[in-house]
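Visitor:
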Amino acid sequence: MKKISIFLLCFTFIALAFFPLKNADAFTASESEIVMERDSGRILFAKDEKKRLPMASTTKIVTAITVIDNYDLSTVIEVPKETVGVEGSSVYLKAGEKYTVRDLLFGLMLRSGNDCAETLAVRLAGGISEFTAEMKKTAEKCGATDSSFKNPHGLHDDEHYTTALDLGKIACYAMKNEEFVKIVSTEIYTATEISSGEKRVW
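So the number in our numbering is just where the residue sits in the sequence shown, counting from 1, plus 1.
#1: Given this structure, state the Cα-to-Cα distance separating Phe107 from Ile184, to the nearest angstrom.
#2: Near Glu50, which residues of its chain fall below 8 Å by C-beta distance, leaving aside the five closest residues on each side in sequence?
#3: With Lys61 and Ala118 assumed to form a contact (beta carbons below 8 Å), what rounded beta-carbon distance in angstroms separates them?
#4: Could you have a look at Arg53 and say whether DSSP puts it in helix, strand or coil?
#5: So, with DSSP's three-state summary, where would you put Ile44?
#6: Specify whether the segment 55 to 72 and the segment 139 to 151 touch according to this definition: at least 3 beta carbon pairs, one from each stretch, less than 8 Å apart.
#7: Let me check understanding here. Comparing Cα to Cα, which of Phe46, Ser41, Asn115 lies closest to His157?
#8: What does the alpha-carbon distance come out to for the pair Ile189 and Thr67?
#9: With burial defined as no fewer than 16 other Cβ atoms inside 10 Å of the residue's Cβ, what is the status of Ser148: buried or exposed?
#10: How should Tyr100 be labelled, buried or exposed, when 16 other C-beta atoms within 10 angstroms of its C-beta is the threshold for buried?
#11: According to the neighbour-count rule (16 or more other Cβ atoms, all chains shown, within 10 Å of its Cβ), is Gly128 buried or exposed?
#12: Grouping DSSP H, G and I as helix and E and B as strand, with all else coil, what is Val63?
#13: Let me check understanding here. Comparing Cα to Cα, which of Lys200, Ser186, Ser196, Ile171 lies closest to Glu38?
#14: Once the 5 residues before and after Gly144 are set aside, which same chain residues still bring their CB inside 6 Å of it?
#15: Does DSSP classify Phe150 as helix, strand or coil?
#16: Rounded to whole angstroms, what is the Cα-Cα separation between Val123 and Phe132?
#17: Could you pull the start and end residues of the beta strand (DSSP E) that Arg201 belongs to?
#18: Provide the residue(s) that pair with Ile35 in DSSP beta bridges, ordered along the chain.
#19: Thr120 by DSSP, collapsed to three states: which one?
#20: Between Glu83 and Gly97, is the Cβ-Cβ spacing less than 9 Å?
#21: Can you list, in chain order, the residues of its chain with a C-beta nearer than 6 Å to that of Tyr174? Leave out the 5 residues immediately preceding and following it.
#22: Do you know offhand how far Arg103's Cα is from Phe46's?
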């Protein structure tokens, strides 16, 4: 499977080399898209990049970088009752369990853990609304000024949205952060529940 994936990726790069980016929309059916250079932020291709759309789980990029920029990742936090059993994807945290912030970030990004997202928001910022205010500041620091955040995981809310342009700017910023790159480059991560010493594979 890995060989097939590498072949397809190489084929894509070769195809793009001979097919101008101005014609790239012939390959896609998305409502909005953007291709940017990470270091310069230069836009190579864009289509309706300022259209407001739901973020879904790409929200977690903002959540992760907000935590990385503002908090000590070695801090141990306890899972509160209110963040257990959050709708959608989960690592199945249990109330009273204790993990480092770093462990929960891996659960957030590798398993798309909505429970990790809410636990980080509640324990670090004091609540969802307080944390989304921090997310807004993070986005603005990236130059993303047309996004609205109502939660840290991306479950649907009419007032929770971004644009391809904003998300591109956020992604460029995040991919310059060594801690973020380390997390998203990891395939399998073993977390440790502090109280029991139990190992969790994410």
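All C-beta atoms in this analysis are idealised placements derived from N, C-alpha and C, irrespective of residue type, glycine included. Treat the numbers as computed from the prediction; the structure is a model and nothing was measured.
Guide: Let me lay it out:
#1: When only Cα atoms are considered, Phe107 and Ile184 end up about 6 Å apart.
#2: Excluding positions up to five away in sequence, the list reads Ser33, Glu34, Ile35, Ile44, Thr164, Ala165, Leu166, Gly169.
#3: Beta-carbon to beta-carbon, Lys61 and Ala118 are separated by about 6 Å, close enough to satisfy the 8 Å threshold.
#4: Three-state DSSP puts Arg53 in coil, outside helix and strand.
#5: Strand.
#6: With a cut-off of 8 Å, the segment 139 to 151 and the segment 55 to 72 count as touching, because enough Cβ pairs lie within range.
#7: Among Phe46, Ser41, Asn115, the Cα nearest to that of His157 belongs to Asn115.
#8: In this model, Ile189 and Thr67 are separated by some 23 Å (Cα to Cα).
#9: Taking every protein chain shown into account, the CB of Ser148 has 16 or more other CB atoms within 10 angstroms, so this residue is buried.
#10: Classification for Tyr100: buried.
#11: Counting Cβ neighbours within 10 Å, Gly128 comes out exposed, since fewer than 16 surround it.
#12: The answer is helix: DSSP assigns Val63 an H, G or I state.
#13: Taking only the C-alpha atoms, the option nearest Glu38 is Ile171.
#14: Taken in chain order, the residues that qualify are Lys170.
#15: Correct three-state label for Phe150: coil.
#16: Going by C-alpha positions, Val123 is about 8 Å away from Phe132.
#17: Counting along the chain, the beta strand (DSSP E) containing Arg201 begins and ends at 200 to 202.
#18: Per DSSP, the beta-bridge partners of Ile35 are Ala47.
#19: Three-state result, Thr120: helix.
#20: No, Cβ-Cβ distance for Glu83 and Gly97 is not below 9 Å.
#21: Counting only Cβ-Cβ distances below 6 Å, and skipping sequence neighbours, we find Cys143.
#22: One C-alpha to the other measures close to 35 Å.
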